[in-house]
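According to the working numbering, the stretch in the sequence shown is residues -19 to 276, in order.
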Amino acid sequence: MIHFAIAPRDVAAFVLVMAIWGFNFAVVKTGLETFPPIFMTALRFALVAAVLLPFVAVPRGQFLGVFLVSVTLGFLHFSLMFTGLSGIDASTAAIAIQLQVPFAALLAAFVFGDRLGWRRALGMTIAFAGVAVIAGEPEMAGSYLSLGLVVTAAMIFAVSNIQVKKLDSLHGWTVAGWMSFFAVPQLLAASFILEEDQLDSLQAADWLAWACIAYNAIVVMVIGYGLWYRLLRRYEVNTAMPFTLLVPLFGVLTGVLVLGETLTLSLILGGLLTVAGVGIIILRRPRVVAPEADRV
């Protein structure tokens, strides 16, 4: 549970980080109006690598582990996430991606033998039911593949989370910088096989499109996660994790207020169910579902 001993300025810092992450759904959606999704992901990681590599250590003896994270997280998770987001509203994606928490709990049960218990099982059921409610609204007709890609991205995120836990001897920035470096050629290859108009998008990109790339790489990564790490050095995971429930709230609000997306009854109900289910899981086992992969 959230401790009342948190300093007011740190509460504001936690909320700021969640706002940065939540607003990113609208930012990515805006960038996708110019760039193909996989190509945009490659640009994002290229900038992250350029910013971090000059300042991080070489992961000697753990290159294979970092490379495998680049495949699951850098290549699969983000390319599926961005591709799915190109076909659904940012507010819908902000809710659906929260399924990474029940997926993480399920994997922890299978991989680490963590006991689920009836409360977390109930939380998982409620979370998945919430996304099902959103999928059932008429506006989602024709967008099931895109929603499915986001849900699949959430599942892959849970896998990458376990991979990153095994690299706990490396600093988060080291994993982020080298994972980004390894992910770029994979993403570029996939983009030029599956997408088109990459060069045209570069020529057509205006300041807003490039600002979206910069926001992803600098604001989300360097500022957002840098502040998150600093807060985690001051507070326990069980204090920090409940704040992550604010991410879908900010994601939906910015989708509606910035992008003009429609706030439907199904979205509200489904969102409340999903956040409630995720909240049960987080409060029961905050350390198990702590987003280690968010370090990258």
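The C-beta atom is built at its ideal place from N, Cα and C for all residues, glycine as well. Please read these numbers as outputs of a predicted model, since none were measured by experiment.
- In this structure, the beta-carbon distance from Gly251 to Gly110 falls below 8 Å.
- In the three-state reduction of the DSSP assignment, Tyr215 falls in the coil class.
- About 12 Å separates the beta carbon of Ala163 from that of Phe62, a gap too long to meet the 8 Å contact definition.
- Around Met(-2), the same chain offers Phe223, Thr224, Leu226, Val227, Phe230 as residues with beta carbons nearer than 7 Å, after the five sequence neighbours per side are excluded.
- Taking 8 Å as the upper bound for CB-CB distance, Gln78 and Val258 are in contact here, some 5 Å apart.
- Burial state of Pro34 is exposed, judged by a 10 Å Cβ sphere holding fewer than 16 other Cβ atoms.
- Just measuring C-alpha positions, the residue of Ile261, Thr244, Arg264, Ala256 sitting nearest Ser71 is Thr244.
- Using a C-beta cut-off of 8 Å, the stretch 118 to 135 makes no contact with the stretch -6 to 10, since fewer than three inter-stretch Cβ pairs fall below that distance.
- For the pair Val130 and Ile142, the Cα-to-Cα distance works out to about 19 Å.
- Put simply, of Ser140, Val139, Ile114 the residue whose alpha carbon is nearest the alpha carbon of Gly128 is Ile114.
- Here the stretch 38 to 54 does not lie against the stretch 99 to 110, with fewer than 3 beta-carbon pairs under 8 Å apart.
- Using a Cβ distance threshold of 8 Å, Thr52 and Ile136 count as a contacting pair.
- For the pair Ala156 and Phe58, the Cα-to-Cα distance works out to about 14 Å.
- In the three-state reduction of the DSSP assignment, Leu174 falls in the helix class.
- One alpha carbon belongs to Ile262, the other to Val81, and they sit about 8 Å apart.
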